[in-house]
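Number of protein chains: 2
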Amino acid sequence: MPENRVWITDVCPRDGFQIEPEFVSTEIKVKVIDALSAAGSAAIEVTSFVHPKAVPQMADAEEVMLNIKRNPGTSYEVLIPNLRGAERALRTNPNQLNLVVSASESHNRSNLRRGTFDTLNDFVEVPKLASSAGVLVQGGVATAFGCPFEGEVPVSRVLDVIHRYLEMGVDTIKLADTTGMANPEQVRNMIREVKNRWPELRIHLHFHNTRGMGLANVYAAYLEGVRHFDASLGGIGGCPFAPGASGNICTEDTVNMFHDMKIVTGVDLDQLLAASGRLEKQLGHSVPSQVLKAGKTLDLHSQPQF
Amino acid sequence: MPENRVWITDVCPRDGFQIEPEFVSTEIKVKVIDALSAAGSAAIEVTSFVHPKAVPQMADAEEVMLNIKRNPGTSYEVLIPNLRGAERALRTNPNQLNLVVSASESHNRSNLRRGTFDTLNDFVEVPKLASSAGVLVQGGVATAFGCPFEGEVPVSRVLDVIHRYLEMGVDTIKLADTTGMANPEQVRNMIREVKNRWPELRIHLHFHNTRGMGLANVYAAYLEGVRHFDASLGGIGGCPFAPGASGNICTEDTVNMFHDMKIVTGVDLDQLLAASGRLEKQLGHSVPSQVLKAGKTLDLHSQPQF
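Protein sequences, first through last, are from chains A and B.
FYI, our numbering numbers position 121 of the first sequence as 121, with every residue one higher than the one before it.
FYI, our numbering numbers position 15 of the second sequence as 321, with every residue one higher than the one before it.
This is the structure in structure tokens:
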């Protein structure tokens with residue numbers, strides 16, 4: 001792999017749409033996903049195989065997976081909450097199953113009403129099942145850089161969760177800054193600690209822009225050798241603790257930064273911006289994307305004439 | 307100076323207010339400036355001694371300078387467009403005069419209808435005059451990281467402008483990313499080039515968040531040893547080329563990032579957030595600040611009860 005290449009997973013269809021107050025039609029979901037893969041997205045988190053009563057927005061998971069166009073260059077990934085979800089998901093031909101547990105006990109209990117390691121134990125059959133189907137599994141660690149209830153999360157706790165995931169056979173690990181509490185120095189320190197213990201492990205990062213540090217954290221992680229990032233088209237997907245605050249980092253802003261630094265993403269930024277512009281109409285509201293408003297860095301303006 | 311200390315100049319009263327469509331009353335200007343110095347701002351760009359017909363918003367420059375409370379820990383700085391402005395400014399007891407010229411010829415002509423080096427030649431008496439009054443002078447380089455008309459600005463051009471400023475005796479240099487075109491790798495490269503030529507020169511940076519890279523650029527510059535940054539309370543001050551896009555990086559977001567990284571700013575973030583909250587009322591509109599919406603990183607939330 002060339003040094004100056006990154007792979008961005010677009011989480012808009014899952015993490016972004018999940019927080020939309022109105023149901024996003026299956027047709028729009030499929031259109032957005034197909035636009036992302038046509039633009040060259042390396043990976044897309046398509047949907048979640050959570051119980052429809054828990055998250056009605058994801059009730060059409062099978063239908064979405066069935067109706068999207070599969071681009072051989074794109075990895076189609078799905079979030080699964082448990083073994084039952086994995087069984088449902090594996091019938092829809094995903095490339096990867098994404099598991100998630102919170103490093104912080106209180107955050108995990110708040111989301112799942114179970115402790116962190118109890119949840120991890122529930123996942124133990126998933127990598128075996130996926131492996132026999134030739135599907136990859138990613139172990140996600142939410143609140144890896146801070147918990148909105150507990151504050152700082154010890155690095156040792158994150159390492160313990162990773163260790164448990166690796167014991168059960170996941171392929172890669174995702175560390176998520178679930179509520180936007182990470183800072184660049186913390187990110188670098190965390191990556192060094194993880195790499196120190198597992199030098200060959202592929203680390204994937206999920207950042208939020210809640211306090212404006214999203215791309216600073218991406219840059220910091222890049223400096224430490226991380227090449228896999230989540231981002232959301234238009235920057236959709238907010239923060240439940242801060243109404244009006246930004247959530248996920250925005251895909252087109254992230255791609256624009258990498259392109260400005262001469263780092264290859266494989267994504268066509270013009271197509272992405274067109275998709276983001278359509279997304280505002282599809283959702284009926286504006287999106288936090290900055291590049292959609294300001295244009296690409298080298299979109300030039302005419303000089304005023306005197 | 308300790309390694310982990312930065313100095314932030316708040317440009318809200320000048321760069322921020324200058325773009326406000328309605329005249330901000332002198333009383334509000336003075337209140338905002340006094341709140342900033344009370345919160346511990348290292349420096350404030352208070353106003354501009356430009357001709358009142360050119361920028362009516364700054365017509366009360368003398369009155370503002372006369373009515374603010376002077377905090378001995380704060381440097382009160384003013385923008386001046388020419389020698390005439392410097393003479394006016396020096397009668398109001400500033401700590402520093404800020405000059406500005408665009409590295410890009412077309413941008414300078416668009417703003418001042420003169421070429422870059424003609425403008426620099428007009429400044430030649432200013433450092434002498436200021437020096438005899440015991441006042442510092444900063445040479446500002448606009449469009450140092452890109453021009454909205456020309457695109458990329460050669461580093462050699464920026465170095466030539468700095469060279470001319472230093473010949474005439476300015477004390478420090480400010481490089482400004484006037485329309486938010488800088489990226490972190492470019493910032494690091496620029497700083498290395500400048501330090502390579504003038505190892506002792508104090509570099510001050512002015513970033514915009516137009517494309518979401520504001521704090522990434524601050525972090526990149528910090529890694530190269532820069533310790534002086536501009537930022538604007540609330541993040542006010544937009545970009546004339548991109549209506550609705552962000553302009554100046556936000557002071558409280560910048561301070562929050564540095565505090566999270568255990569870097570001293572000297573600023574009381576709670577006081578700053580209170581001032582930003584009042585600013586929304588004083589201006590009658592919301593401000594782009596992210597930390598004002600999301601809260602400080604370690605403002606914890608109560609865990610939901612079941």
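Note that the Cβ used here is the ideal one computed from N, Cα and C, for glycine as well.
* Closest Cβ-Cβ distance between valine 291 of chain A and chain B: below 8 Å? -> One-based indexing of the first sequence puts residue 291 of chain A at position 291. Answer yes: the Cβ-Cβ gap between valine 291 of chain A and chain B drops below 8 Å somewhere.
* To do: Grab me the residues of threonine 92 of chain A's own chain with a C-beta within less than 7 Å of its C-beta, minus the 5 sequence neighbours each way, in chain order.
  => As a working mapping, residue 92 of chain A is identified with position 92 in the first sequence. Excluding residues within five positions, the ones whose Cβ falls inside 7 Å are Glu62, Met65 and Leu66.
* To do: State whether the region 333-351 of chain B contacts the region 592-602 of chain B, with contact taken as three or more CB pairs (one from each stretch) at a distance under 8 Å.
  => Contact between the region 333-351 of chain B and the region 592-602 of chain B is absent: fewer than three C-beta pairs spanning the two stretches fall below 8 Å.
* **Neighbour flag for phenylalanine 149 of chain A against chain B, beta carbons, 8 Å** => Walking along the first sequence from the start, residue 149 of chain A turns up at place 149. Interface residue, yes.
* Taking C-beta pairs closer than 8 Å, name the residues in chain B that asparagine 183 of chain A reaches, listed in chain order. => For the purposes of this step, residue 183 of chain A is identified with residue 183 of the first sequence, where counting begins at 1. The answer, in chain order, is Met563, Asp566, Met567 and Thr603.
* **CB of histidine 512 of chain B within 8 Å of CB of alanine 551 of chain B, strictly** => For the purposes of this step, residue 512 of chain B is taken as the residue at position 206 of the second sequence. For the purposes of this step, residue 551 of chain B is taken as the residue at position 245 of the second sequence. At least 8 Å separates the beta-carbon of histidine 512 of chain B from that of alanine 551 of chain B.
* **Rounded C-alpha distance that separates leucine 298 of chain A from threonine 210 of chain A** => Residue numbering aside, residue 298 of chain A sits at position 298 when the first sequence is read from its first letter. Residue numbering aside, residue 210 of chain A sits at position 210 when the first sequence is read from its first letter. Near 26 Å, if we compare the C-alpha coordinates of threonine 210 of chain A and leucine 298 of chain A.
* To do: Classify threonine 422 of chain B as helix, strand or coil using the three-state DSSP reduction.
  => As a working note, residue 422 of chain B is residue 116 in the second sequence. In the structure shown, threonine 422 of chain B sits in a helix (DSSP, three-state: H, G or I).
* Would you be able to state if there are at least three C-beta pairs under 8 Å between the region 447-454 of chain B and the region 374-391 of chain B? => Result no; under three Cβ-Cβ pairs closer than 8 Å.
* To do: Entirely within the region 121-150 of chain A and at least 4 residues each: give me those alpha helix (DSSP H) ranges in chain order.
  => Listed in chain order, they are 126-132.
* Asked: Does DSSP put serine 343 of chain B in a helix, a strand or coil?
  -> Start at 1 with the first residue of the second sequence, and residue 343 of chain B comes out as number 37. Here serine 343 of chain B sits in helix by DSSP.
* DSSP state of isoleucine 28 of chain A mapped onto helix, strand, coil -> Here residue 28 of chain A is taken as the residue at index 28 of the first sequence, counted from 1. DSSP places isoleucine 28 of chain A in the helix class (H, G or I) of the three-state scheme.
* One or two residues paired with phenylalanine 564 of chain B in a DSSP bridge -> Indexing the second sequence from 1 puts residue 564 of chain B at position 258. Note: phenylalanine 564 of chain B sits in no beta bridge, so no partner.
* Should histidine 591 of chain B be flagged as near chain E, meaning a C-beta pair shorter than 8 Å? -> Absence of chain E from the displayed structure is noted, the protein chains being A and B.
* **Cβ-based neighbour list, methionine 181 of chain A, same chain, cut-off 6 Å, excluding 5 preceding and 5 following** => Position 181 of the first sequence, counting from 1, holds the residue named residue 181 of chain A. Answer for methionine 181 of chain A: Phe145 and Gly146, listed in chain order.
* Asked: Checking contacts by CB at 8 Å: is threonine 210 of chain A closer than that to chain B?
  -> On the first sequence, residue 210 of chain A is found 210 positions in, with the first residue counted as 1. Output row for threonine 210 of chain A: interface = yes.
* Where histidine 228 of chain A sits in the DSSP three-state scheme -> Against the first sequence, residue 228 of chain A aligns to sequence position 228. The three-state reading of DSSP puts histidine 228 of chain A in strand, counting E and B together.
* Asked: Rounded to a whole number of angstroms, what is the C-alpha to C-alpha distance between valine 317 of chain B and valine 430 of chain B?
  -> By one-based count along the second sequence, residue 317 of chain B stands at place 11. By one-based count along the second sequence, residue 430 of chain B stands at place 124. Distance between the alpha carbons of valine 317 of chain B and valine 430 of chain B: 25 Å.
* Would isoleucine 33 of chain A pass as a contact of isoleucine 44 of chain A if the rule is Cβ separation under 8 Å? -> Indexing the first sequence from 1 puts residue 33 of chain A at position 33. Indexing the first sequence from 1 puts residue 44 of chain A at position 44. Against a cut-off of 8 Å, the Cβ pair of isoleucine 44 of chain A and isoleucine 33 of chain A comes out as a contact.
* To do: Figure out for me which residue from A/Leu120, A/Asn189 and A/Lys128 has the closest Cα to the Cα of valine 226 of chain A.
  => The residue you call residue 226 of chain A lines up with position 226 of the first sequence. Minimum Cα distance to valine 226 of chain A is reached at A/Asn189.
* Within chain B, the residues that alanine 315 of chain A reaches when beta carbons sit closer than 8 Å -> Past the edges of chain A, shown from 1 to 306, lies residue 315 of chain A, and the structure says nothing about it.
* Sequence-distant residues of its chain with Cβ nearer than 8 Å to methionine 1 of chain A (five each side left out) -> Counted from its first residue, the first sequence places residue 1 of chain A at position 1. Note that methionine 1 of chain A scores a pLDDT of 48, beneath 50, so its modelled location is shaky; the value from the coordinates is reported in the next line. Excluding the 5 residues flanking it on each side, methionine 1 of chain A has same chain C-beta neighbours closer than 8 Å at Arg227, in chain order.
* Bridge partners of tryptophan 198 of chain A, per DSSP? -> Locating residue 198 of chain A in the first sequence gives position 198, counting from the first residue. For tryptophan 198 of chain A, which the question treats as bridged, DSSP gives no partner whatsoever.
* Asked: Using the rule of at least 16 other Cβ atoms within 10 Å of the residue's Cβ for burial, across every protein chain shown, is glycine 284 of chain A buried or exposed?
  -> Residue numbering aside, residue 284 of chain A sits at position 284 when the first sequence is read from its first letter. Exposed: under 16 other Cβ atoms inside 10 Å.
* Asked: Counting contacts by CB-CB distance shorter than 8 Å, is aspartate 314 of chain A in contact with chain B?
  -> Outside the displayed range of chain A (1 to 306) lies residue 314 of chain A, so it cannot be described from this structure.
* Can you find a C-beta in chain B that's less than 8 Å from the C-beta of aspartate 118 of chain A? -> Taking the first sequence and counting its residues from 1, one reaches residue 118 of chain A at position 118. Not an interface residue.
* Asked: So which residues on chain A does cysteine 556 of chain B lean against when the C-beta distance must stay under 7 Å?
  -> The residue labelled residue 556 of chain B in the question sits at position 250 within the second sequence. Neighbours of cysteine 556 of chain B on chain A, chain order: Gly212.
* Other residues of its chain near histidine 107 of chain A: CB distance less than 8 Å, five sequence neighbours each side excluded -> Position 107 of the first sequence, counting from 1, holds the residue named residue 107 of chain A. Contacts found: Ala142, Thr143, Cys147, Pro148, Phe149, Glu150 and Thr178.
* Three-state secondary structure (DSSP) of alanine 182 of chain A -> Mapped onto the first sequence, residue 182 of chain A falls at position 182. When DSSP states are grouped into helix, strand and coil, alanine 182 of chain A belongs to the coil group.
* Mind reading off the beta-carbon distance from leucine 521 of chain B to methionine 563 of chain B? Whole number of angstroms is fine, and I expect it under 8 Å. => Start at 1 with the first residue of the second sequence, and residue 521 of chain B comes out as number 215. Start at 1 with the first residue of the second sequence, and residue 563 of chain B comes out as number 257. Yes, leucine 521 of chain B and methionine 563 of chain B are in contact; Cβ-Cβ is about 6 Å, under 8 Å.
* Asked: When DSSP labels each residue in this structure, what does leucine 604 of chain B get in the three-state scheme?
  -> Numbered from 1 along the second sequence, position 298 holds the residue referred to as residue 604 of chain B. DSSP, reduced to helix, strand and coil, places leucine 604 of chain B outside both helices and strands of the structure shown, so it counts as coil.
* Spell out a yes or no on whether the region 424-439 of chain B and the region 495-504 of chain B are touching, meaning 3 or more CB-CB pairs, one atom from each, closer than 8 Å. => Per the Cβ contact rule, the region 424-439 of chain B is not in contact with the region 495-504 of chain B (fewer than 3 Cβ pairs under 8 Å).
* lysine 53 of chain A - DSSP class collapsed to helix/strand/coil -> Position 53 of the first sequence holds residue 53 of chain A. Coil at lysine 53 of chain A, not helix or strand.
* Per-residue contacts from proline 460 of chain B into chain A (C-beta, under 7 Å) -> In the second sequence, the residue the question calls residue 460 of chain B occupies position 154. Within chain A, no residue comes near proline 460 of chain B; the closest Cβ sits about 15 Å away, beyond 7 Å.
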